[in-house]
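Numbering (full-length UniProt numbering), first residue to last: 1 to 338. The block underneath contains the structure these notes are about, expressed in structure tokens.
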């Protein structure tokens, strides 16, 4: 397993005690405007338009060398999906069957849509499980990635402004106002894709805190483009955007595919906005699958050594068992007393 030199910060939980509905209704014009006559399946050849980012900022550059699971910290915005793909995604997330059941809200974000994949959204689910998309993201991240869990595929943050707010001019310090407070993420990597036209929009950058305490700002994505960040190991915040009627971003969380790479996923911050049984099941399922793979590998190595006539390596066995005990203890901590 890969060692991590610097422990990740704890992600903040929304300050509420139970699963919450959205804080305010979405405008009917937004919902109706997202509908399209022709809903199609996802085809990578038609819907993916990947262009490698011009720059990838490394963990070393932000003073966090040795932290995380790869050297990638955050990318510059890069083209990922076609305009047609964005239209299909908007049509799915604003469909009646999704909005009826999967809208949530918290003190961190008034309107979110999450947990609808794969039951109510085949296009979005297939897009984020596409080898073309995952291959592109893995290339940027420097490690093979997969969606962390189905419940965190295509999480949507929605901000809609009234006419007065749209027309207002931000003050001198407005670009430093946070949309979200400082935090780190629950999963190793996140990919943030913009589903809105950002023409005329000011702000919306991602601010990150470096290893020396300095704050750096990075440009946010435009419509159809995305940014990937190793958010579990980087303290960051999203700055508010001004101008424009809407800002709709899709966040898909990612984890390493290999069961032999350290996995420090935390799920407690997600409980206020995610059904507990769904979250717990998906978390325990993939973690036990990884544990199973590591146990099988350890058994294979032990048996190979025995066939070769080598003595049983007690120290190695103890090291393996201690690592797995730590892994299980982390799971128990996330599951709490329930």
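Using N, Cα and C, we set each Cβ at its ideal position, and we do this for glycine too.
Rounded to a whole number of angstroms, what is the C-alpha to C-alpha distance between residue 225 and residue 78?
Here the question's residue 225 lines up with position 225 in the chain shown. Here the question's residue 78 lines up with position 78 in the chain shown. In a straight line, the C-alpha of residue 225 is about 5 Å away from that of residue 78.
Quick check: the stretch 251-262 against the stretch 181-190, are at least 3 beta-carbon pairs closer than 8 Å?
yes
Inter-residue spacing [alpha-carbon to alpha-carbon] between residue 318 and residue 60:
Counting from 1 along the chain shown, the entry for residue 318 is found at position 318. Counting from 1 along the chain shown, the entry for residue 60 is found at position 60. If you take the alpha carbons of residue 318 and residue 60, they lie about 33 Å apart.
Count the other CB atoms, across all protein chains shown, that sit within 10 Å of the CB of residue 196; report buried if there are 16 or more and exposed otherwise.
Position 196 of the chain shown, counted from the first residue, corresponds to residue 196. So residue 196 counts as buried.
Candidates 324, 314, 220 and 204, of which the one nearest residue 242 by Cα:
Locating residue 242 in the chain shown gives position 242, where the first residue counts as 1. Per the Cα distances, 204.
Using the C-alpha atoms, what's the distance from residue 100 back to residue 141?
For the purposes of this step, residue 141 is taken as the residue at position 141 of the chain shown. For the purposes of this step, residue 100 is taken as the residue at position 100 of the chain shown. If you take the alpha carbons of residue 141 and residue 100, they lie about 35 Å apart.
Go through the stretch 29-64 residue by residue and report every complete run of the beta strand (DSSP E) that reaches 3 residues or more, in order.
56-58
By a C-beta neighbour count over all protein chains shown, 10 Å radius and 16 as the cutoff for buried, is residue 98 buried or exposed?
Translated into positions along the chain shown, residue 98 becomes position 98. The residue in question, residue 98, is buried, as its Cβ has 16 or more Cβ neighbours within 10 Å.
How long is the line joining the alpha carbons of residue 279 and residue 267, rounded to whole angstroms?
Looking up residue 279 in the chain shown gives position 279. Looking up residue 267 in the chain shown gives position 267. When rounded, the distance between both Cα atoms is 8 Å.
CA-to-CA distance, residue 207 to residue 244, given in whole angstroms
Residue numbering aside, residue 244 sits at position 244 when the chain shown is read from its first letter. Residue numbering aside, residue 207 sits at position 207 when the chain shown is read from its first letter. Rounded to whole angstroms, residue 244 to residue 207 spans 21 Å at the Cα level.
Residue of 325, 311 and 109 minimising C-alpha distance to residue 239:
Working through the chain shown from its first residue, we reach residue 239 at position 239. That would be 109, whose Cα lies nearest to the Cα of residue 239.
Using C-beta distances below 7 Å, list every residue in its chain close to residue 258, excluding the 5 sequence neighbours before and after it, in chain order.
Locating residue 258 in the chain shown gives position 258, counting from the first residue. Correct list, in chain order: 144.
Cα-Cα, which of 270, 37 and 246 is closest to residue 158?
As a first step, residue 158 must be located in the chain shown, where it is residue number 158. Residue 158 has its Cα closest to that of 246, out of 270, 37 and 246.
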